[in-house]
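Each remark here refers to the structure printed beneath this line.
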Amino acid sequence: MSGAAVHRKLKFGPFELSIGERVLRRDGQALPLGDRALDILIYLADRPGEIIAKQELIDRVWSDVTVEEGSLRVHVAAIRKALGDGQFGSRYIANIKGRGYSFVGTVAPLGGGTESRTAKFRHQGRLPVRPVMLIGRETVVSEVSDKLRNERFVTLLGPGGIGKTTVALAVGRAVAEEFGGEVYLADLESLTDPQHVAGAVATSLGLALKSKEPGLELIDLVRSRKLLIILDSCEHVIEAIALLAEQLYQETEQIYLLATSRELLKVEGEHCCRVLPLDFPPDDSEQTANAVLRYPAVQLFVRRVAAKAGSVLLTDEEAPFVGEMCRNLDGMPLAIELAAGQVAALGLKSTASRLVSRPELLKLSHRTAVPRHRTLKATLDWSYDLLSDAERIVFRRIAPFVGHFTLEGARYVAGKLGEDTGEIFDAIAGLVEKSLIVTRLDDGQQRYRLLDTTRAYALGKLEEHDELDVISGQHAKYVAELLESQREMMPSLPRARRTAAYSDQLSSIRAALEWSFGRRGDDEIATRLAAASAQVFLELSLLIECQAWAEQAIARLGIRNQNSRRAMEIYASLSSVLMHTEGSDQNVRASFSRALEIATNLGDIAYELRLLSGLFMYSHWTMDIRGATDIAARSRELALKTRDSDDMALAESMLAASNHLLGNHIIAQQHCESGLRYSQSVPRFRPGQHLFHYTSFLLIGMARSLLYSGLLDRSLEYAKLAIEEGEKSGHPATFCRSLALIVPIFLNMMDTRRSDQYIAELSDLSAAYSLKPYSAIATGLRGQWLLLQNNLLDGISLLKRALEELHAQRQEMLSMDFVCDLAVALTKVGGQEQALRLILNAIDVQQRVGKLLHMPALFRMKGLILASRSAEHHFEAEGSLLSAIDWAKRQSATLFELKAATDLAELLLEQRRVPEAYKHLRAALDRMPTGIVSPDHERALQVLNRLQSGTKAVG
11 MSGAAVHRKL KFGPFELSIG ERVLRRDGQA LPLGDRALDI LIYLADRPGE
61 IIAKQELIDR VWSDVTVEEG SLRVHVAAIR KALGDGQFGS RYIANIKGRG
111 YSFVGTVAPL GGGTESRTAK FRHQGRLPVR PVMLIGRETV VSEVSDKLRN
161 ERFVTLLGPG GIGKTTVALA VGRAVAEEFG GEVYLADLES LTDPQHVAGA
211 VATSLGLALK SKEPGLELID LVRSRKLLII LDSCEHVIEA IALLAEQLYQ
261 ETEQIYLLAT SRELLKVEGE HCCRVLPLDF PPDDSEQTAN AVLRYPAVQL
311 FVRRVAAKAG SVLLTDEEAP FVGEMCRNLD GMPLAIELAA GQVAALGLKS
361 TASRLVSRPE LLKLSHRTAV PRHRTLKATL DWSYDLLSDA ERIVFRRIAP
411 FVGHFTLEGA RYVAGKLGED TGEIFDAIAG LVEKSLIVTR LDDGQQRYRL
461 LDTTRAYALG KLEEHDELDV ISGQHAKYVA ELLESQREMM PSLPRARRTA
511 AYSDQLSSIR AALEWSFGRR GDDEIATRLA AASAQVFLEL SLLIECQAWA
561 EQAIARLGIR NQNSRRAMEI YASLSSVLMH TEGSDQNVRA SFSRALEIAT
611 NLGDIAYELR LLSGLFMYSH WTMDIRGATD IAARSRELAL KTRDSDDMAL
661 AESMLAASNH LLGNHIIAQQ HCESGLRYSQ SVPRFRPGQH LFHYTSFLLI
711 GMARSLLYSG LLDRSLEYAK LAIEEGEKSG HPATFCRSLA LIVPIFLNMM
761 DTRRSDQYIA ELSDLSAAYS LKPYSAIATG LRGQWLLLQN NLLDGISLLK
811 RALEELHAQR QEMLSMDFVC DLAVALTKVG GQEQALRLIL NAIDVQQRVG
861 KLLHMPALFR MKGLILASRS AEHHFEAEGS LLSAIDWAKR QSATLFELKA
911 ATDLAELLLE QRRVPEAYKH LRAALDRMPT GIVSPDHERA LQVLNRLQSG
961 TKAVG
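Given below as structure tokens:
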């Protein structure tokens, strides 16, 4: 066992299992567990999700003695007791009836605290890192945690501004350890279309949905996980979220739900916890400073005033006013915060007297008495009355912004109050002072936001003044212009910053799109915005949403924009989405072709290259080798015109891939080397300029071509670089492609450990982002891996499934690799006829489409199948193996020549034709690069030794 294996540590829930120390800890404290129980736990936890037969466990743990199954049950019970299995729904060890035991908890290796590659692309909805200020909510947090533990589904009920989200976040942090950190916040505040509910929840989990039934797809993706989802602000999409929550509750066992809403969801499994106002001093109680400060409402008030006005020391004289104000505001946290802002500006007595003189302002509207967006109307009316005319205008006109906005955005949307722009800026400053706008500092720039209830109130004022459509249109124009202005700048940012910026803009983008495409919208603005926002949705992997807006935009382009740059961009985004979600069908080609036609007419060479990169990938996937070769050549002609190193690297990557598929490995290597030289002269790959990541593609091409050429050490070096580059790209599809095309190299070297790791990553990542072709490839690669373990039946099943899925999606990546290994496995289990039909059909198809890469392997498989049948087929088998050698020589595929020559030598040795066998094998070994060690090389040398012994005997 390696040192790394000895010192490995596994983390699940609050537990840490040290394999080297043979100790189980919880919160740093060692738990008492016997040696046999530890052996069982280590064996199960090291294979999470696998079903381990009881006899296998007994043989493993009691290898030196004979025991009954009852002994195993006793030790499993001891483990469950130590783990608290079943408490808070935590399940670690499951008894699979009739099959064995399985470790079903979420296991993470501990290795310096680094995050797995797959995790980097997921979990975008984790709880905010900022601390939650909790005043007077400790008891309710504890009660909700207990109810959640027992019931799995809890709704925090209360009016707007009561503090439901604060409580939910506090509960999430309180139970996070029990979920292994798997706690996610789905903020539904910005949603206006109920159809996007499942997608929004999936996005918070780091998942991208592609199905036309997103709710069912989401359930399938999370069914096996244990996690807590906080569904925040449900009331405005109540029916859609109720349906989804009920499905999640009914059809999963370890998904816990914590909802915040102004009304009950009224579905199965829901348990209600009302969030009550903060306690405030009764009017008949002692009113000294020390006495009133014992109440949470007063504590919140004083802290908020201090945040606005600096340090505050509450005096006995002021205490009765504060107590009265908190009573008049019913202990509502948001109302208290608003009042605190006025106190900081106007003083305590002035604010209190204003509330007393306007008794209708003292009571907040109850949730059930008014429409949902009118919550806290009385308090907001009061704040609104204090505004200047300019502040009122700006206040209502910034209402279309959902989330944060800048001063420049406010200036653009609020319009002209006068010729002086400073008037708008002064109004914003006044609104901040009066607590109607909250602020945040990002990279030295102040950003502003209306709270949800405040924004709803401002929208009402906008409607009252008959400005809703005009200002919403202005907001949509601003969003479009902002996105257009970012096109050159955003790609140069690191991916983490780019993603954060796009995520921050997403809510306002959606609001602008929904108004533009709505009943009172504007087609001109709508199509412009759809084109400008496409890159945002693509970058955030919101592919289904991108497709929906693009299809609506195409229907509304009109005659004026049919051949415009806008149309080109919309068709380009649609084709890119369809290629990854629907498989490579004719809709993809039609969209690409239309966009290319417009780009050519516009003379936009850069965009033409971008589109050609996508169309090349389409042709590459669908075995249109001649089409891919033509596109590569056309791309190089365009790149020579632009003289851009980025474009040249792209063209070289296409030429390399085309030549690799044609079997021209030496030429493919030359194009890869040329492309890598060009890419090194470019400061950074520019995301969005081309539709695939050419640097990783070039490294993949080098690794695979070098493998075929027999330069295995260099192939492994480039394979590792390709994996690193794919991960570094930050794009799930790019990383999946790197994994899919590099794993065969490790399988060929029989590196089962690394292959197993990468296949698992590919499977997880493709499932998380619904990248169906890569999910099918992961299945096929797992089948190949099982064959290396001599698990023929399971390997055959997975390979067949992968080929069916790839065929249904018209994706051919790695399909011939799977066909070859499937044929070998079928031959070993007696299915020679089925295997031969499979190979003969593959040879015919590959020759017909001009994909010659796999000809050496296919003819070799044909020879092996024929050789396995009977002696009368040996002559035909010999001919097929000679054809494989000939194809390999023509392609300079030295490794595959060696494979076929070794098989031929064994066949000839059976016929006692030792000199011929020696000649073929010696020639193939001589053509292999010197100093190379591999399983194929070692096998060839073993056969050569046998032949040399036979030669001496003959002599």
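Numbering-wise (the numbering used here), the sequence shown opens with residue 11 and increments by one.
By construction, the Cβ of each residue, glycine as well, lies at the ideal position given by its N, Cα and C atoms.
Verify whether the separation of the beta carbon atoms of A266 and R101 is less than 8 Å. According to the sequence provided, residue 266 is Tyr. The question's Ala does not apply to it. No, the pair does not count as a contact, with Cβ atoms beyond the cut-off.
Closest by C-alpha distance to D242, when choosing among A269, D230, E223: Per the Cα distances, A269.
According to DSSP, simplified to helix, strand and coil, what is C746? Helix, per DSSP.
With DSSP as the reference, identify every bridge partner of T270, one or two as the case may be. L166
Minimum C-alpha distance to R858 - residue among D634, M871, Q842: D634
Is any heavy atom in the ligand NAD found nearer than 7 Å to the beta carbon of S583? Absent from the structure shown: the ligand NAD. Ligands present: none.
So the candidates are N573, N597, R538; which of them puts its Cα closest to the Cα of N611? N573
C-alpha gap between L846 and G793, whole angstroms: 19 Å
D514 versus A536: straight-line alpha-carbon distance, rounded: Their backbone Cα atoms lie some 21 Å apart in a straight line.
Check K21 in the structure and name its three-state DSSP category. The three-state reading of DSSP puts K21 in strand, counting E and B together.
Is the separation between the beta-carbon of L344 and that of G171 shorter than 8 Å? yes
For the alpha helix (DSSP H) containing F569, name the first residue and the last one. Going by the sequence as given, residue 569 is Ile instead of Phe. 568-571 is the span of the alpha helix (DSSP H), which, as asked, contains I569.
Against chain D, with Cβ distances strictly below 8 Å, would T652 count as a contact? This model lacks chain D altogether; it includes just one protein chain.
Would you mind stating whether I615 and T652 have Cβ atoms separated by less than 8 Å? yes
Could you check what DSSP says for L371 in three-state terms: helix, strand or coil? With a pLDDT of only 38 at L371, under the threshold of 50, the placement of this residue in the model should not be trusted, and no figure is reported.
Return the chain-ordered list of same chain residues with a C-beta closer than 8 Å to the C-beta of K157, the five sequence neighbours on each side being excluded. V164, H281, C283
H864 burial status per 10 Å Cβ neighbour count (16 or more: buried): buried
Rounding to the nearest angstrom, what Cα-Cα distance links E711 and H670 in this structure? Just to set this straight, residue 711 is Gly in the shown sequence, not Glu. The straight-line gap from Cα to Cα measures roughly 7 Å.
Cβ pair count under 8 Å reaching 3, the stretch 864-884 against the stretch 834-853: yes
Note the first and the last residue of the continuous beta strand (DSSP E) segment covering I239. 237-242
Measuring straight from C-alpha to C-alpha, what distance separates G419 and G528? 22 Å
Determine which residues share a DSSP beta bridge with G415 and list them. For clarity, residue 415 is Phe in the given sequence; the question names Gly instead. Answer by DSSP bridge pairing, in chain order: Y458.
G182 versus R18 - alpha carbon distance: 29 Å
Spatial neighbours of K21 within its chain, please: C-beta separation below 6 Å, excluding the five flanking residues on both sides. A118, L120
Limits of the alpha helix (DSSP H) - the one that H670 falls within: 655-672
In the stretch 869-938, which residue ranges form an unbroken beta strand (DSSP E) of at least 3 residues, counting only runs that do not cross its ends? none
If we ignore side chains and look at the alpha-carbon of each, how far apart do L217 and P742 end up? 11 Å
Are L665 and R646 close, meaning C-beta to C-beta below 8 Å? yes
Indicate the three-state DSSP secondary structure (helix, strand or coil) for V117 in the structure shown. coil
Suppose contacts are defined by Cβ-Cβ distances below 8 Å. Is E555 in contact with Y512 by that definition? no
Looking only at its chain, what residues have a beta carbon closer than 7 Å to the beta carbon of K838, apart from the 5 residues adjacent to it on each side? L802, listed in sequence order.
Does DSSP put R36 in a helix, in a strand, or in coil? strand
For R922, is the classification buried or exposed, using 16 other Cβ atoms within 10 angstroms of its Cβ as the cut-off for buried? exposed
Taking the C-alpha atoms as reference points, what is the distance between S880 and S959? When rounded, the distance between both Cα atoms is 26 Å.
Contacts around T37, its chain only, beta-carbon distance under 7 Å, and the 5 residues preceding and following it disregarded: A quick correction: the sequence has Asp, not Thr, at residue 37. Here the set comprises P24.
Status (buried if at least 16 other CB within 10 Å, exposed otherwise) for N758: Classification of N758: buried, given that the 10 Å Cβ count is 16 or more.
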